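A.B. asks:
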Amino acid sequence: KNQVEQSPQSLIILEGKNCTLQCNYTVSPFSNLRWYKQDTGRGPVSLTIMTFSENTKSNGRYTATLDADTKQSSLHITASQLSDSASYICVVSGDRGSTLGRLYFGRGTQLTVWP
Amino acid sequence: ETGVTQTPRHLVMGMTNKKSLKCEQHLGHNAMYWYKQSAKKPLELMFVYNFKEQTENNSVPSRFSPECPNSSHLFLHLHTLQPEDSALYLCASSQDLAGSTYEQYFGPGTRLTVT
């Protein structure tokens, strides 16, 4: 069964600290993996997209890694800010075919940054 | 702003009402999507349109009726909804179908409450 599991479910850190969010997936065959940031009451905003051949990709203070062999990805946030408080969603795209079958969403990690 | 707008932002309706959600994208994209986001659950893809044609219907109940008059506009017509349909409804668009590496851009969502 194609699934995307994220951990932890929620996380609280102090401003200025680093943190790492995890995403494990069983989607196969694999096409790409995305990380989205969703602020409360808003739509998700893309942070990174990685294909099979990419191991790491950065977007400012956000760095995503991908290990396609172990089917794991992580999102590392450096020097956290209050504005980083949001839900972070991992989305995995499977093989071509039905669009419906090609996008698999995790439940998200709710990150709270305290001053 | 992502270039995808949704109206209304909030909607409260009774189970016997008929209402419509509107989505408009100003990005020149060919594909548009409706998603449902319930608390503590992953995003659920409802409908996909590509070049105005519906390509996917994820077994959505008939009380939800989509309409795509052109590539820039997408509607979700609602009638005789149930309280469990209360959720955040998100619209998204992409240049091509999102199973590839084409980025999906989300609107801010409509918070729907069914009483």
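In order, the protein sequence lines correspond to chains A and B.
Residue numbering for the first sequence follows this note's numbering, beginning at 1 and increasing consecutively.
Residue numbering for the second sequence follows this note's numbering, beginning at 1001 and increasing consecutively.
We treat Cβ as the ideally placed atom computed from N, Cα and C, and that holds for glycine.
No experiment lies behind these values; they were computed from the predicted model shown.
Closer than 6 Å by C-beta to T51/A: which residues in its own chain qualify, once you throw out the five before and the five after it? Chain order, please.
C.D. replies: So the qualifying residues of the chain are N32.
A.B. asks: Give me the subset of the segment 42-61 of chain A whose CB atoms are less than 8 Å from a CB atom of chain B, sorted by chain position.
C.D. replies: Of all residues in the segment 42-61 of chain A, R42, G43, P44, V45, S46, I49, T51 have a Cβ within less than 8 Å of some Cβ in chain B.
A.B. asks: Taking a cut of 9 Å between CB atoms, which residues from the segment 21-40 of chain A lie near chain B?
C.D. replies: Per Cβ criterion, the list reads S31, N32, R34, Y36, Q38.
A.B. asks: If you compare alpha carbons, which of T112/A, V91/A, Y104/A is closest to R34/A?
C.D. replies: Looking at the Cα atoms, V91/A is the closest of the given residues.
A.B. asks: Which first and last residues belong to the beta strand (DSSP E) in which Q38/A is found?
C.D. replies: Run containing Q38/A: 30-38, per the beta strand (DSSP E) assignment.
A.B. asks: Kindly list, in the order they appear in chain A, the residues whose Cβ is closer than 8 Å to that of K1041/B.
C.D. replies: The answer, in chain order, is R107.
A.B. asks: Quick test of the definition: if touching needs 3 or more C-beta pairs under 8 Å, does the segment 53-63 of chain A touch the segment 1005-1017 of chain B?
C.D. replies: Contact between the segment 53-63 of chain A and the segment 1005-1017 of chain B is absent, because fewer than three Cβ pairs lie under 8 Å.
A.B. asks: Can you find a C-beta in chain A that's less than 7 Å from the C-beta of G1014/B?
C.D. replies: No, because no Cβ of chain A sits closer than 7 Å to the Cβ of G1014/B.
A.B. asks: Since A86/A and L111/A are thought to touch, with beta carbons under 8 Å apart, how far apart are those beta carbons, to the nearest angstrom?
C.D. replies: Rounded, the Cβ-Cβ distance is 6 Å, consistent with contact.
A.B. asks: Taking all protein chains shown into account, decide if S53/A is buried (16 or more other Cβ within 10 angstroms of its Cβ) or exposed.
C.D. replies: The residue is exposed, with fewer than 16 neighbouring Cβ atoms inside 10 Å.
A.B. asks: Check this for me: beta carbons of L1045/B and Y1035/B, under 7 Å apart or not?
C.D. replies: It is a contact, given that the beta carbons lie within the stated cut-off.
A.B. asks: What did DSSP end up calling S83/A once you bin it into helix, strand or coil?
C.D. replies: Correct three-state label for S83/A: helix.
A.B. asks: Using a Cβ cut-off of 9 Å, pull out every chain A residue sitting near P1108/B, in sequence order please.
C.D. replies: Within chain A, the residues near P1108/B are G41, R42, G43.
A.B. asks: Anything in chain A within Cβ reach of L996/B, meaning under 9 Å, just list it in chain order.
C.D. replies: Nothing in the structure corresponds to residue 996/B, since chain B is present only between 1001 and 1115.
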